[in-house]
Ligand code: 13P
Ligand code: SF4
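In the numbering used here, the protein residues as written are 314 to 641.
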């Protein structure tokens, strides 16, 4: 068994990781919620849909996934011949935790005339029990292709599902899960922040509760928020999603100011995703050195989960629908 030893102090982790990456013929993928140094060393930084597409298309032999477990599992489902490593295997997700496969299966059985549209933030088992997976950047395009009278179960994020219901006049049955990070924003503190920054547009992720979304000038995925900021004429924007995305915004738009939306005490770190934060440069180095922890999925389960992911990739590329969730 490989023992993960601490590195000698003074190790140039960035240089060591780049050398190992070349040796292993690896690609490093990172989500926008990762620590800045992980975003900076990644070959590609993106939202959940973009990362899935990259994982499906790469010709690298190893995928080092700087994100959370459901993302690394998605990479393995789509690229089973690759070695997929996740720097910290405990990097989970509150939405995934809210949706145990057995309970989800019972919910489906209780509603046999509904199809299940499921947010990608769920386990491989729940993907295998679903008809179509969506991400925040593909949900609108995919929903737009389904007949209006189609009965739908949407899980596990009740805020994303509720937003889609309100925007498109649907009445999808919602699973009661939430993201603990987006749930922690405070409407009272947001209103105070908006008053201190008159004219600063608010960009929010659809995982936010309705009280936050109601103040947003733009609602969309992480990539959608980044693109909205690029196109905005404002020099200060308020960002209601996990604050590590501000690193990418500052790199792309050094002349603009980005203020993270506040939590309940107005100045807390409660909007940092504790799961995403588990990955570090040292753990990335060790995962490339030892090719562990690896993501492994039993083949029958993988094939069952791949069906709903393939549907997403096909439908997300269709020209029907109206694109990202933004443009409210
Ligand atoms: P997107 O990057 O797809 O918007 O997802 C956000 C998220 O919460 C990932 O866990
Ligand atoms: Fe899950 Fe929320 Fe963290 Fe995204 S930000 S990984 S939805 S807990």
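Note that beta-carbon positions come from the ideal geometry of N, C-alpha and C, so glycine has one too.
Cross-strand partners of residue i (DSSP beta bridge)
{"i": "residue 531", "result": "516"}
{"i": "residue 570", "result": "549"}
{"i": "residue 487", "result": "467"}
{"i": "residue 381", "result": "Residue 381 pairs with nothing; no bridge assigned."}
{"i": "residue 576", "result": "498"}
{"i": "residue 359", "result": "344"}
{"i": "residue 525", "result": "Paired residue(s): none; residue 525 is not in a bridge."}
Cβ-based neighbour list, residue i, same chain, cut-off 8 angstroms, excluding 5 preceding and 5 following
{"i": "residue 325", "result": "none"}
{"i": "residue 315", "result": "Below a pLDDT of 50, predicted positions are generally treated as unreliable, and residue 315, at 45, falls in that range; the measurement from the model is reported next regardless. Contacts found: 603, 605."}
{"i": "residue 636", "result": "Low confidence applies to residue 636: its pLDDT is 38, below 50, so where it sits in the model is not reliable enough to give any reading."}
{"i": "residue 426", "result": "464"}
Helix, strand or coil at residue i according to DSSP, with G and I counted as helix
{"i": "residue 630", "result": "coil"}
{"i": "residue 415", "result": "helix"}
{"i": "residue 341", "result": "strand"}
{"i": "residue 537", "result": "helix"}
{"i": "residue 354", "result": "helix"}
{"i": "residue 428", "result": "strand"}
{"i": "residue 544", "result": "helix"}
{"i": "residue 504", "result": "helix"}
Counted within 10 angstroms of its Cβ, other Cβ atoms place residue i as buried (16 or more) or exposed
{"i": "residue 327", "result": "exposed"}
{"i": "residue 484", "result": "exposed"}
{"i": "residue 422", "result": "exposed"}
{"i": "residue 544", "result": "exposed"}
{"i": "residue 392", "result": "buried"}
{"i": "residue 376", "result": "buried"}
{"i": "residue 577", "result": "exposed"}
{"i": "residue 490", "result": "buried"}
{"i": "residue 448", "result": "buried"}
Residues near residue i by beta carbon distance below 7 angstroms, same chain, minus five either side
{"i": "residue 403", "result": "591"}
{"i": "residue 445", "result": "430, 455, 621, 624, 625, 628"}
{"i": "residue 405", "result": "381, 382, 588"}
{"i": "residue 499", "result": "575, 576, 577"}
Residues near residue i by beta carbon distance below 6 angstroms, same chain, minus five either side
{"i": "residue 571", "result": "550, 552, 559, 562"}
{"i": "residue 386", "result": "437, 608"}
| task | Please specify which runs of the beta strand (DSSP E), each continuous and at least 3 residues long, are wholly inside the stretch 430-476, giving them in chain order. | result | 445-447, 465-468
| request: For the stretch 584-632, list the alpha helix (DSSP H) runs that are entirely contained and at least 4 residues long, ordered along the chain. | output: 594-603, 612-629
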